[in-house]
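> This is the structure I want to talk about, given as structure tokens.
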Amino acid sequence: MNPTADVTAGVSFKVEYFDEARSCAAAGLWYEIHAENYMVAGGPRLAMLDAMRAGHPISVHGVGLSLAADAEPDRTHLEKLRELLNRVQPFVVSEHLAWSGWRGNYLPDLLPFPRTVAALRRIARNIEITQDFLQRSILIENPSLYVQLDHDYAEAEFLSELVQRTGCGLLVDVNNVYVTANNIGSDAVTYLKALPAGAIGEIHLAGHTPDQRAQIRLLIDTHAEPVAEAVWGLYQQLINRIGRCPTLIERDDNLPAFTELMTERARAATILHAASHTERRHVHAH
Amino acid sequence: MSTLTDFQDRFLSALLDPVAQHAASYGSGLSVYQNTVMKGMVDVLRANYPTVERLAGEEWFQAAALSYVRNHLPQQAPLALYGAEFSGFIRASSTLDGVPYLADVAYIDRCWTEAYFAADAPDLQAAQLADLPAETLSAMQLALHPATRICSVEHSAFTIWLNNRPPVTPPDELEIADVPEYLLLTRVQNEVLATRLEQADHQFIEMLGRGTTLGEAALALLQGDAMLDLAAMLARAIGAGAFKAVVT
Chain V
1 MNPTADVTAG VSFKVEYFDE ARSCAAAGLW YEIHAENYMV AGGPRLAMLD AMRAGHPISV
61 HGVGLSLAAD AEPDRTHLEK LRELLNRVQP FVVSEHLAWS GWRGNYLPDL LPFPRTVAAL
121 RRIARNIEIT QDFLQRSILI ENPSLYVQLD HDYAEAEFLS ELVQRTGCGL LVDVNNVYVT
181 ANNIGSDAVT YLKALPAGAI GEIHLAGHTP DQRAQIRLLI DTHAEPVAEA VWGLYQQLIN
241 RIGRCPTLIE RDDNLPAFTE LMTERARAAT ILHAASHTER RHVHAH
Chain A
1001 MSTLTDFQDR FLSALLDPVA QHAASYGSGL SVYQNTVMKG MVDVLRANYP TVERLAGEEW
1061 FQAAALSYVR NHLPQQAPLA LYGAEFSGFI RASSTLDGVP YLADVAYIDR CWTEAYFAAD
1121 APDLQAAQLA DLPAETLSAM QLALHPATRI CSVEHSAFTI WLNNRPPVTP PDELEIADVP
1181 EYLLLTRVQN EVLATRLEQA DHQFIEMLGR GTTLGEAALA LLQGDAMLDL AAMLARAIGA
1241 GAFKAVVT
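Protein sequences appear in the order of chains V and A.
So for the first sequence, our numbering puts the first residue at 1; every next one is plus one.
So for the second sequence, our numbering puts the first residue at 1001; every next one is plus one.
Set out below in structure tokens:
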């Protein structure tokens, strides 16, 4: 069986959902894990992961490789990631267009940077190092942004350049596009149209929360709410343009009942079923 | 033109020091990153020290955690084991007169986390030693299982910890003798188990863990108390899953 042939919509895997998630037999269902949570020596968390991967396709989503730092990726981190990928055999691997490690410290967030020519060169090199080390291509996710910086490239243009230079694919987080458009004053529809369709290997849908304290109305990418209607609308347009693509309902905080998450997941699956089938070159079978 | 390195140095200093002069240039969005970074670190401490939070209260814990994380930034992206120095930080804290046990409770929480994430390995089974001649047994070194932690604490901290570690419901009243206590943490079938130890059992396992042979450890203990039943002590420790299987 090719476990990825019929992969449609997935949900974030959380240990709280273990029993229901493992036994859920919905067609095309898959789960995504955050790589760093499983970079431990042993114990119940890895045992749980082994049980999950026995029944469902898994996507490994890294949050700590710090590809946009002005330094090469940490070798120890790459080794731990490779070890995890060997264990899980994921159908797709992704990371972020952001940085989090700098001068020996690690900040648990996805931090912004100015999209300059030098940054493009550095990040392309870091993606190449990572792909060479892992012996597979990875997807790069667009971040949610909260501050204005002086950029040389528009974000979609920057991501397209990375695709061309490194052969990486893209993970399009539609909520991040929406949140950033609100916070920075860009246009979400134009942005999504500018992304190279053939490079998109995965889509994230998540909820956001308005920041009540800020003077300017910021939207925060909290993953603590259901997916917003405006984001569903952008998603539908994106799928109309690019065809079927593995889509994740991403939830990390304020966790609802598993069935509630599966209801959102069913909505994405319905949209995907109605769409045309497209080969995704960054999504691999076992 | 400034480099990516310059940008990262400046952004990080603004992130970690909100009163830095250039912090204002990033606008109110900077606080979103500041909040996420702080919350990320504090949430890990909260997950790793649940008994401390239960005993000291949410408000104290939040303030202590914020103060800790500012001076102990993580050194790596995996955060499962973040917060190693938190019990020492609590011990040095001046806001804790009247709760002398809290640092030791934190220490036990820490050992629990280490036991939970430690490497997998088969346990030593008593049957593996059953047929060995006395002299072979006496010369033998037993390795602790990677998940085994042995602790000695003051102020009855183990009794306090055992009665307060979530998800247990704390008793309305707890009689505390304020004495030293000894405990063993092991991981059995993927669950961390806490076992109370006598001082001699603690000493025995601790010596074996340092590589002392069974014979030497037995001799040292019997010199202190000739009445000790070492065979029973060894059987208890093996039964609790303290040792790694012997490779034969």
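C-beta: ideal position from N, C-alpha, C; glycine also.
In this text the structure is predicted, and so the values were computed from the model without any measurement.
Per DSSP, V:Asn105 is paired with what?
When beta bridges are read from the DSSP output, V:Asn105 appears opposite V:Trp102.
> Taking C-beta to C-beta, are V:Leu49 and V:Val40 nearer than 8 Å?
no
> On the three-state DSSP scale, how would you describe A:Arg1196?
In the three-state reduction of the DSSP assignment, A:Arg1196 falls in the strand class, which pools E and B.
> Under 8 Å between the Cβ atoms of V:Ile138 and V:Gln131?
yes
> Could you spell out where the alpha helix (DSSP H) holding V:Asp173 opens and where it closes?
That residue, V:Asp173, is in no alpha helix (DSSP H); its beta strand (DSSP E) goes Gly169 to Asp173.
> Starting from the Cα of V:Gly169, find the closest Cα among V:Ala274, V:Ala68 and V:Glu95 and give me that residue.
V:Glu95
> Along chain A, which residues have their Cβ under 8 Å away from the Cβ of V:Lys80?
Pro1078
> If you count every other CB in all the chains shown that lies within 10 Å of the CB of A:Gln1008, and 16 or more means buried, which is it?
buried
> What residues from chain C crowd round V:Ser100, counting only those whose CB sits closer than 8 Å?
Annotation note: the requested chain C is absent from the structure, which comprises protein chains V and A.
> Could you check whether the Cβ of A:Asp1120 sits closer than 8 Å to any Cβ belonging to chain V?
yes
> Where does V:Lys14 sit, in a helix, a strand or coil, going by DSSP?
Three-state result, V:Lys14: coil.
> How is the beta strand (DSSP E) around V:Ala96 delimited, first residue to last?
It is His, not Ala, that sits at residue 96 of chain V in the sequence shown. First-last of the beta strand (DSSP E) with V:His96: Val92 to His96.
> When you compare the CB positions of A:Phe1158 and A:Arg1110, do they come within less than 8 Å of one another, or not?
Contact flag unset, no.
> Are V:Leu192 and V:Gln164 close, meaning C-beta to C-beta below 8 Å?
Inclusion of V:Leu192 and V:Gln164 in the CB contact set at 8 Å is not warranted, their separation being larger than that value.
> Within the continuous beta strand (DSSP E) that includes A:Ser1094, where are the two ends?
Element bounds for A:Ser1094: n/a, residue is neither H nor E.
> Can you give me the Cβ contacts of A:Tyr1107 inside the same chain, cut-off strictly under 8 Å, excluding the 5 residues immediately before and after it?
Ser1087, Cys1151, Val1153 and Ala1157
> When you check each C-beta in the region 101-114 of chain V against every C-beta of chain A, which residues fall closer than 7 Å?
Gly101, Trp102, Gly104, Asn105, Tyr106, Leu107, Pro108, Asp109, Leu111, Phe113 and Pro114
> Considering only C-alpha positions, which residue in the set V:Ala181, V:Arg75 and V:Phe91 is nearest to V:Gly10?
V:Phe91
> Do V:Met262 and V:Ala26 have their C-beta atoms closer together than 8 Å?
Their beta carbons are under 8 Å apart, which means V:Met262 touches V:Ala26 by this criterion.
> Find the nearest neighbour of V:Tyr153 within the set V:Ser186, V:Trp102 and V:Arg115, judged by alpha-carbon distance.
V:Arg115
> Determine whether the beta carbon atoms of A:Gly1211 and A:Gln1141 lie at a separation below 8 Å.
yes
> Would you report the Cα separation of V:Leu159 and V:Ile127, rounded to the nearest angstrom?
Between V:Leu159 and V:Ile127, the alpha-carbon positions lie close to 12 Å from each other.
> Please say whether V:His208 and V:Ala228 have beta carbons closer to each other than 8 Å?
Taking 8 Å as the Cβ cut-off, V:Ala228 and V:His208 qualify as a contacting pair.
> Listed from N- to C-terminal order along the chain, which residues in the region 175-207 of chain V have their beta-carbon within a distance smaller than 8 Å of any beta-carbon of chain A?
Asn183
> So for V:Ile239, helix, strand or coil by DSSP?
helix
> On the criterion of 16 or more Cβ atoms from any shown chain inside 10 Å, does V:Arg280 qualify as buried, or is it exposed?
Classification of V:Arg280: buried, given that the 10 Å Cβ count is 16 or more.
> Beta-carbon within less than 7 Å of A:Arg1149's beta-carbon, same chain only, minus the 5 sequence neighbours each way: which residues are those?
Cys1111, Glu1114, Ala1115 and Leu1185
> Can you list, in chain order, the stretches of the alpha helix (DSSP H) that have 4 or more residues and sit fully within the region 1132-1170 of chain A?
Whole alpha helix (DSSP H) segments, 4+ residues: 1134-1138 and 1157-1164.
> Less than 6 Å between C-beta atoms, sequence neighbours within five positions excluded: which residues of the same chain meet that for A:Arg1165?
Thr1051
> Look up V:Glu155 in the DSSP assignment and say whether it is helix, strand or coil.
In this structure, DSSP gives V:Glu155 a helical state, which the three-state scheme calls helix.
> Roughly how many angstroms separate the alpha carbons of A:Asn1071 and A:Asn1048, rounded to a whole number?
18 Å
> Rounded to the nearest angstrom, what separates V:Gly42 and V:Leu84 at their Cα positions?
Roughly 12 Å separates the two Cα atoms.
> Which stretch, first to last residue, makes up the beta strand (DSSP E) that contains A:Ser1031?
Run containing A:Ser1031: none in the beta strand (DSSP E); it sits in the alpha helix (DSSP H), Leu1030 to Asn1048.
> Can you check which of these residues, V:Leu218, V:Val88 and V:Ser276, is closest to V:Ser144 by C-alpha distance?
The residue with the shortest Cα to Cα distance from V:Ser144 is V:Leu218.
> Measuring alpha carbon to alpha carbon, tell me which of A:Ser1094, A:Gln1076 and A:Lys1244 ends up nearest V:Gly104.
Checking every option, the nearest Cα to that of V:Gly104 belongs to A:Gln1076.
> Against chain V, with Cβ distances strictly below 8 Å, would A:Phe1011 count as a contact?
yes
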